[in-house]
Amino acid sequence: MFENYRDIPSAVLVDLYKTMLKIRKVQRAIESEYPLDEMRTPVHLCIGQEAVAAGVCADLKRKDFVYSNHRGHGHYIAKGGCLKSMIAELYGRETGCSRGRGGSMHLIDTSVGLMGSSSIVGGGISIATGTALAVKMRKQKKVSVVFLGDGAVDEGVLYESVNFALLKELPVIYVCENNLFAICSSCRSRQKFDNIYKRFSGCGLMGHRVNGNDIVETYTVAKKAIETARILSKPAFLELKTYRWCGHSGGGADTDLGYRTDAELKKQQAICPVKSFEKFLVEKSILKEKIKIKIEREIDREIKNAFDFAKKSPLPEKKDLMKYLYKSQS
Ligand SMILES: Cc1ncc(C[n+]2csc(CCOP(=O)(O)OP(=O)(O)O)c2C)c(N)n1
Numbered sequence: 376m377f378e379n380y381r382d383i384p385s386a387v388l389v390d391l392y393k394t395m396l397k398i399r400k401v402q403r404a405i406e407s408e409y410p411l412d413e414m415r416t417p418v419h420l421c422i423g424q425e426a427v428a429a430g431v432c433a434d435l436k437r438k439d440f441v442y443s444n445h446r447g448h449g450h451y452i453a454k455g456g457c458l459k460s461m462i463a464e465l466y467g468r469e470t471g472c473s474r475g476r477g478g479s480m481h482l483i484d485t486s487v488g489l490m491g492s493s494s495i496v497g498g499g500i501s502i503a504t505g506t507a508l509a510v511k512m513r514k515q516k517k518v519s520v521v522f523l524g525d526g527a528v529d530e531g532v533l534y535e536s537v538n539f540a541l542l543k544e545l546p547v548i549y550v551c552e553n554n555l556f557a558i559c560s561s562c563r564s565r566q567k568f569d570n571i572y573k574r575f576s577g578c579g580l581m582g583h584r585v586n587g588n589d590i591v592e593t594y595t596v597a598k599k600a601i602e603t604a605r606i607l608s609k610p611a612f613l614e615l616k617t618y619r620w621c622g623h624s625g626g627g628a629d630t631d632l633g634y635r636t637d638a639e640l641k642k643q644q645a646i647c648p649v650k651s652f653e654k655f656l657v658e659k660s661i662l663k664e665k666i667k668i669k670i671e672r673e674i675d676r677e678i679k680n681a682f683d684f685a686k687k688s689p690l691p692e693k694k695d696l697m698k699y700l701y702k703s704q705s
């Protein structure tokens with residue numbers, strides 16, 4: 376783990392840790408508030424998957440585009456989305472990032488290039504590809520990234536999009552967050568081969584498989600893909616192997632549903648991507664105890680402020696119910 380950490384400046388390593396810790400703490404706060412039933416939205420937590428969002432987004436610029444999916448809190452935070460607006464969105468408030476109309480699965484903050492998350496599995500794939508086409512036609516040096524689950528690999532749109540991106544040489548990166556499950560179906564029960572990263576070689580795209588719980592490996596591979604997309608306008612496919620700690624939706628662990636065991640979950644939790652990186656940074660004296668405490672306090676304060684802001688914010692007014700909705704002209 377964390378093999379080539381010496382190639383990364385210490386400040387960047389600490390920033391990566393900070394982002395992962397923030398994602399973890401925000402998820403834990405949502406998990407503990409959720410049973411109060413004040414958040415009027417399903418939530419898909421990404422506890423255990425923090426290194427993916429943090430590692431992929433760290434080297435992206437504000438102007439680069441990210442498309443997310445139903446499990447998008449980590450992507451939103453890592454791309455620099457406003458936390459107050461995200462939490463307010465979960466509470467369905469007018470101050471939410473989608474003005475309280477979208478909920479957890481429809482997060483957007485275009486001011487930081489977070490172009491939207493979608494509840495439709497695979498929904499962002501073709502849009503991210505189209506964005507990359509627009510970038511190329513406008514001769515911009517921007518990159519378009521789409522996060523997708525292993526479940527989205529079962530959708531045909533991915534193969535059509537990869538083929539098109541290769542044909543047109545588009546600066547798009549497909550990031551498959553392989554957490555081993557789609558709701559209650561394991562990859563093993565849906566896919567004959569454990570070869571997601573290899574699937575596109577027939578179109579001419581070599582995928583990469585990465586330990587998505589290793590923030591250093593994830594950051595390093597993503598950085599290379601981002602540079603290649605930006606400079607050479609070439610697409611990439613990254614399969615990041617990780618593990619979802621919570622149930623598919625809401626809190627809990629789903630270990631009573633028969634698709635995974637307590638023992639399997641515990642084994643994964645023992646290699647926590649956040650704690651193991653924290654321990655590593657402390658041992659290497661890259662993260663000093665004082666700084667660690669300061670980071671924790673700052674994050675805790677930001678989360679408390681975000682929840683206070685959300686709970687105090689107004690709900691959308693009834694008269695505005697149809698505002699911001701797409702209306703057909705016919
Ligand atoms: C097109 C489509 N089919 C089915 C669903 C129902 N559905 C919601 S989440 C999900 C599983 C997605 O699994 P994956 O893409 O691996 O993401 P994860 O939940 O593991 O992060 C499914 C099948 C949907 N939302 N959209």
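Under my numbering, residues 376 to 705 are what the sequence shown spells out, in order.
Here a beta-carbon is modelled for each residue, glycine too, at the ideal position from N, C-alpha and C.
Fair warning: this is a prediction, and the values are worked out from it, not measured in the lab.
So what's residue i in DSSP terms, helix, strand or just coil?
{"i": "residue 557", "result": "strand"}
{"i": "residue 479", "result": "coil"}
{"i": "residue 411", "result": "helix"}
{"i": "residue 489", "result": "strand"}
{"i": "residue 383", "result": "coil"}
{"i": "residue 430", "result": "helix"}
{"i": "residue 713", "result": "Any question about residue 713 goes unanswered here, given that the chain covers just 376 to 705."}
{"i": "residue 551", "result": "strand"}
{"i": "residue 390", "result": "helix"}
{"i": "residue 484", "result": "strand"}
{"i": "residue 537", "result": "helix"}
{"i": "residue 570", "result": "coil"}
{"i": "residue 512", "result": "helix"}
Closer than 7 angstroms: is that where the CB of residue i sits relative to any heavy atom of ligand 1?
{"i": "residue 496", "result": "yes"}
{"i": "residue 557", "result": "yes"}
{"i": "residue 525", "result": "yes"}
{"i": "residue 552", "result": "yes"}
{"i": "residue 481", "result": "no"}
{"i": "residue 448", "result": "no"}
{"i": "residue 583", "result": "no"}
{"i": "residue 619", "result": "yes"}
For chain C, find out if any of its Cβ atoms is closer than 8 angstroms to the Cβ of residue i; answer yes or no.
{"i": "residue 506", "result": "Reference to chain C is not applicable here, since this structure consists of a single protein chain."}
So the candidates are the options; which of them puts its Cα closest to the Cα of residue i?
{"i": "residue 670", "options": "381, 383, 392", "result": "392"}
{"i": "residue 378", "options": "655, 662, 453, 676", "result": "655"}
{"i": "residue 681", "options": "423, 447, 456, 576", "result": "456"}
{"i": "residue 580", "options": "667, 542, 514, 617", "result": "542"}
Q.
Under 8 angstroms, with one C-beta from each stretch per pair, do the segment 680 to 690 and the segment 467 to 478 reach the 3-pair mark?
A. Touching, yes, given that three or more Cβ pairs across the two stretches are closer than 8 angstroms.
Q.
Please give me, in chain order, every unbroken run of the alpha helix (DSSP H) with length at least 4 that falls completely inside the segment 578 to 647.
A. 590 to 607, 637 to 644
Q. Touch check for the segment 631 to 644 and the segment 474 to 482: three-plus C-beta pairs under 8 angstroms?
A. By the Cβ criterion, the segment 631 to 644 is not in contact with the segment 474 to 482, since fewer than three pairs of Cβ atoms, one from each stretch, lie closer than 8 angstroms.
Q: Quick one: which unbroken alpha helix (DSSP H) runs of 4-plus residues sit fully inside the segment 434 to 473? Chain order, please.
A: 448 to 453, 458 to 465
Q | At least three beta-carbon pairs within less than 8 angstroms, the segment 584 to 594 to the segment 396 to 415 | A | no
Q: Specify whether the segment 596 to 606 and the segment 565 to 582 touch according to this definition: at least 3 beta carbon pairs, one from each stretch, less than 8 angstroms apart.
A: They do not touch, by the three-pair rule.
Q: Check whether the segment 526 to 541 touches the segment 491 to 499, counting contact only when three or more Cβ pairs, one atom from each stretch, lie closer than 8 angstroms.
A: yes
Q. Between the segment 428 to 436 and the segment 623 to 635, do at least 3 Cβ pairs fall closer than 8 angstroms?
A. no
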